[in-house]
Every structure is written in C-alpha cells, then in structure tokens.
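Numbering (my numbering), first residue to last: 278 to 678.
To start, the structure itself, in structure tokens.
Here it is as structure tokens:
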C-alpha cells in the first residue's frame, strides 16, 4: 500500500508540476497545482498507512488512505482514457497501467474496512472529496477544451510596393517593399516558418484575345487568372527572405514592420511584380515549443539526415526541428513525443510538419498529422500585392551618361 501511494504521488507530481510552474494561462496553472496537491495528499496517505496497519494512533488515517487510493484510481483511469484515443506507446504506460490495477485493489480493500466510520463528520469528508473532484474536472475541461477554443486568434499581414528609385551606379531600379505583421488576437503565438518572395511576371499578349472555354480551362489548370488578352503567365522569383526566425514569439497586440529593397534591371521583360507573404504560426495557449532547439537552423547539405523528403522540396534546405508539447501535461504523458519540423529555402515554398517523425526512419502519418495541426491551432496566413512595372519605372528618369 505504501509503495503504491508513493508511486502515485510521484506520478501526479510529475504530471502537475510542468503545468503548475510554466503554463501560459491561470486555469492551466490551477489544474497543474491541483495535481501537485493531490500528490501531497497521497504522500501524507503513504505516511499514515504505516500507522493504519501499525499502532493505529490516528483515527483518520484510514480515511486519508482511502482518499489517496481514490485519487490514484481517478488519475490512472483518466490517463487510460486519454491513452486509448491514440494507443501509442509511451514509457508512462508502464507506470499508470500497473498503478490503475493497484488502485482498484486498494480501493476495494479499504472500502471493505469502512474507514470513514472513524471520522467525526463522514458526510463532510465525502462532500469535500466530491467538491475537490468536481473542481478538478471543471478546471481541466476549461483549460483544455473551452479556453483555447474561445480565445480569438488572428494575424493581420500587409505587403506594399513603394516608389522605385534609380541606382546611380548601375542600370538598375531599386524597389522598396514594405511588409507588416500584427497579432490582432488575444494570445501570443510561435512562428513556425515564414517567407516572403517577390516574382516578376511574363505573359503572352493578344489584341484579339481568347475567351473560349478551352482557354479558361487551361488557365485554371495552371492556376492562372482568366484574362481575355493575356495568357501563358509565368512567374520568376526575384527576391526572397524571412520576416521572422522560426521559434520567434509574437505577443498579443504586437506589430512589426520591415522594409526590404531589391533591385531589377530597368529593361526587365516583366509586366508586373508580385509579392507573396506567408506566416505559419502556433497558438501558445495550445502548446509549447522547445525554442532553444527549434530555432537552430540545420544545413541539410552538411547534415543529409535532415534532408527534406517531401515532393515540394527540390533543393537543399535549412531544417528546423524541435520538441512540441501539448498545453496539458496529461496529454503529453499518454502520447509519443511530438516534434515540429520546418524546411526553408530561397528557391521553394516552406514546408512544415507536426508528428512523431524524428529523422530516425519511418514515415509521417498524415492523418494523425492533420489532427495534431488542429489541436495545436497551427495556421498559415497569407498576403500578397502586385504593381505594374511600367508604373514603377515611370518615376525614374533616364540614366545620365
């Protein structure tokens, strides 16, 4: 009995302490503190078990031991229910399955002894146990289900071309680009990956034009816009970069602006310039990223183990890889370790994933990945802008000879 109570105490403290000490919201901290407190009760019950089956000096020892066993049964039952959702192997499985069996035996043994008869007010004791269990359940449901779902979250992205200037030393035009990002939601977010890319557009022009259904179908298949006099659009990447480093945190209400200047020849064959800005982020009230590891770029050409195998990756990339934890440690102990992975290169669009994939073999289960992306509130926001090259170059006078 003593060993079982001590083991349950250690498990509850291990589950509750990370949330009690480091959770983002007050409700999550309360939930963690309740698990730590329940571990303290179980520790007291372990001490009193020596008295209950020894000198029996304390009349309340049996009731406290019963309370500790009930806490163990409730906790281990909850862990088993959470584990059944995914049925993944975790080392904690070797702890809470045996402890669940032990708690069933312990509760059955203690109920037969009817230790509550030694209490001066057994009904108040039962009411206290019920209220504590109800408070824990409500706090757990609020911090895990309700609060992360109701707090609004949105990023506002803007991209805008400025007025081009002549390069005095070369036959080029300097084009300013203003990018801005604002967290208009109520919770901070982690930046998973982001990218901005500037493209020059070429096209085939026709005075007569073609508005046939076949032309529209071809444009749709190539993800082009439908225009009567413009066809065969082609985009060429001119400049690319990142607004944030992976792992950066945007606080609620935070607004950042960046001005980027790129150069193009004055006689470029492009008719339009187009910019795409995208940011993939994770709500901080849904989980926690091991930023120290995730923010460290890994060059895949030097470390082939971290190469991107996705079809979107056609060149060597920078890889970012780190642990990600759910906002409730109860979920973490019933799941395989999860990792957030992102790839970036100046030649392709970013790729990201949240799964148990750890570059040690195996494949990503994309069905599970979609569920994890939804649980962590991982979303991508986009913004774009276009400007006429003729309009840009109009303000530039002829280069002095």
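Yeah, the Cβ is synthetic: ideal placement off N, Cα and C, and Gly gets one too.
Sequence-distant residues of its chain with Cβ nearer than 6 Å to residue i (five each side left out)
i	result
residue 632	641, 646
residue 533	458
residue 434	458, 554, 658, 660
residue 525	468
residue 481	508, 509
residue 537	454
residue 288	372
Contacting residues, own chain, Cβ-Cβ under 7 Å from residue i (five flanking each side not counted)
i	result
residue 666	545, 547, 548, 549, 550
residue 608	359
residue 528	460, 465
residue 306	296, 297, 300
residue 318	344, 345, 348
residue 587	628
residue 518	473, 537
Pairwise C-alpha distance: residue j and residue i
i	j	result
residue 580	residue 369	32 Å
residue 341	residue 467	44 Å
residue 392	residue 613	40 Å
residue 564	residue 511	40 Å
residue 379	residue 367	20 Å
residue 577	residue 557	21 Å
residue 285	residue 585	42 Å
residue 566	residue 327	43 Å
residue 678	residue 671	Residue placement at residue 678 cannot be trusted, given a pLDDT of 45 that sits under 50; what the coordinates show is reported in the next sentence. Spanning the two alpha carbons is a distance of roughly 19 Å.
residue 657	residue 555	7 Å
residue 540	residue 606	50 Å
residue 559	residue 332	56 Å
residue 300	residue 591	39 Å
residue 616	residue 292	20 Å
residue 463	residue 374	39 Å
residue 321	residue 304	26 Å
residue 483	residue 440	29 Å
residue 570	residue 630	16 Å
residue 625	residue 436	20 Å
residue 535	residue 664	19 Å
residue 600	residue 452	40 Å
residue 364	residue 649	15 Å
residue 654	residue 634	19 Å
residue 281	residue 381	11 Å
residue 445	residue 475	23 Å
residue 668	residue 593	36 Å
residue 429	residue 644	26 Å
residue 673	residue 568	45 Å
residue 384	residue 361	23 Å
residue 638	residue 513	36 Å
residue 389	residue 652	43 Å
residue 531	residue 479	37 Å
residue 247	residue 604	The requested residue 247 does not occur in the structure, where the chain is confined to residues 278 to 678.
Beta-carbon proximity check, residue i vs residue j, cutoff 7 Å
i	j	result
residue 582	residue 520	no
residue 432	residue 471	no
residue 628	residue 620	yes
residue 316	residue 351	no
residue 313	residue 330	no
residue 515	residue 477	yes
residue 283	residue 343	no
residue 598	residue 618	yes
residue 623	residue 595	no
residue 552	residue 662	yes
residue 456	residue 438	no
residue 448	residue 509	no
residue 325	residue 338	yes
residue 376	residue 353	yes
residue 562	residue 308	no
residue 279	residue 323	yes
DSSP beta-bridge partners of residue i
i	result
residue 453	538
residue 712	The question about residue 712 has no answer, for the chain in this structure spans 278 to 678.
residue 558	468, 656
residue 566	601
residue 443	450
residue 333	According to DSSP, which records beta bridges pairwise, residue 333 is partnered with nothing at all.
residue 517	474
residue 527	466
residue 586	None, per the DSSP bridge assignment.
residue 551	476, 663
Contact test: residue i Cβ vs the ligand COA heavy atom, cutoff 6 Å
i	result
residue 522	Annotation note on the ligand COA: not contained in the displayed structure, which lists no ligands.
Close-in-space but distant-in-sequence residues of the same chain around residue i (CB under 8 Å, 5 per side omitted)
i	result
residue 522	468, 572
residue 589	625, 626, 628
Minimum Cβ-Cβ distance from residue i to chain B less than 7 Å
i	result
residue 605	The structure shown contains no chain B; it is built from a single protein chain.
- Item | Segments of 3+ residues assigned as beta strand (DSSP E) that fall wholly inside the stretch 589 to 669 | 595 to 603, 615 to 622, 625 to 632, 655 to 665
- In chain order, which continuous runs of the alpha helix (DSSP H) of length 4 or greater are located wholly inside the stretch 349 to 391? 370 to 390
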